Structure formats: C-alpha cells, structure tokens
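What follows is a single structure, written as structure tokens, with notes after it.
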Amino acid sequence: VSSLQVEDTNPDVISGGYVFKSDDPPEADEVFFSGARQQVIMVYPGKRSLALPQRAAQFNYVRNYFNDFSNALFGVNFTNPVSGYAPYIDVDSWIDHAMVSITTFNVDAIRLSGYFYKDRGKPMEMGPVWDCDRSLGSTDTRQINPRFWRGQGGDGGTDYFNAPGPGPAHHWFPQLFRDINF
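Below, the structure written as structure tokens:
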C-alpha cells in the first residue's frame, strides 16, 4: 500500500494506504475500533501510531469509511452499484478470497488472522489469504472433508453464509451473498 505520513491529511492522500486485520483478541499495543459491525485492528500505520493526536484525521477517515461501508452494506439499497456496498470494496478480491477460503475449508479464514487493506484512491481489498495451517485436511479435524463448504461457526470454523459469529466473515459475507451479483 501507499506510504502514509503524519501530514497526509488532505483528500488527495488520506484515502490510503491502510492495512487492517481481524483477530481475537487484539494485542495490548494494537489500535482497534468498531467499524461495519466488526472489530477492526490497524496494522499499517502500525500499532499505536494511528492513535497519536497527529493522526486523528487519518483515524477518523478510516473509522468513517467503515461506518459508511456498513451503512451501505446493510442498507435497503445495498445491491445498488452506486449507493450500495460495491463502491467501498474491490468486489473481485472479496469473491476470490471467499472462493479460496471456502473450497479449502480454511476454518480460521478472516475471523482469525485475516487481512484486508485500502490503498490510496481505491476501494478496500480482501487479502492476502492468510493463516492456512488448518485447511485442506491438516491435523485439525474440523476441515477433514474439503467438500464441506460451510463452517458451523464457533469451533466449527468460518461460516461465510450464516450470521452471527466472530469476524468479518460472519458479518459482511452473509449479506454480500444475498446479492446475486456477488
């Protein structure tokens, strides 16, 4: 993602780059906030730097972006390509991430150690695919059958299709899958 300096607060540059993660619980020195019905942890700018008073405009930009995304995603016109969720995310990257995670039955997919980012002037992208040590028939018995497409939530793994549960997969993806275009 683009480098983001403390002084980058005007509209041309404040839109990125940011890296976020979903994990539970956040480490003691991590900055996090509630956004789009999900706890979001800041990775870049890293750790406490976004909590500095000099970075308040950037922190507010990020929090507002997630709130606007949430309002669009869970609004009555969420499938509208202009006023719905689509302008806030890189839809193809989110579909790709879901396909890879679901077909490999990655039980931790984006609810634990999940990453997403927003580069300057671009919508939020999902990825990289991460934390795959419990997928494709590893020693974790929850995903022994790679043809099993749906986690059971909680200890059963990530369930992209049914809410509620921890992490973005249980908040964002069930709503996204309600859109036939997604």
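Here the numbering used here = 1-based position in the sequence shown + 12.
Glycine included, each C-beta is placed from N, C-alpha and C at the ideal position.
Remember, predicted model here, so these are calculated numbers, not experimental data.
Taking a contact to require three or more Cβ pairs closer than 8 Å, the region 21 to 33 and the region 68 to 75 qualify as touching.
For V13, the closest alpha carbon among the candidates P99, K134 and N118 is that of K134. Per DSSP, reduced to three states, the secondary structure at Y97 is coil, with no helix or strand assignment. For Q51, the enclosing beta strand (DSSP E) starts and ends at Q50 to Y56. For F128, the enclosing beta strand (DSSP E) has its first and last residue at G126 to K130. Taking the C-beta atoms as reference points, M136 is found nearer than 8 Å to D102. DSSP, read as helix, strand or coil, puts F44 in strand. Three or more beta-carbon pairs drawn from the region 32 to 51 and the region 120 to 132 are found closer than 8 Å, and the two stretches are therefore classed as touching. With respect to the C-alpha of E42, the residue from N22, L64 and T21 having the closest C-alpha is L64. Around the beta carbon of G87, fewer than 16 other beta carbons sit within 10 angstroms, so the residue counts as exposed.
Assigned with DSSP and collapsed to three states, F189 falls in coil, not helix or strand.
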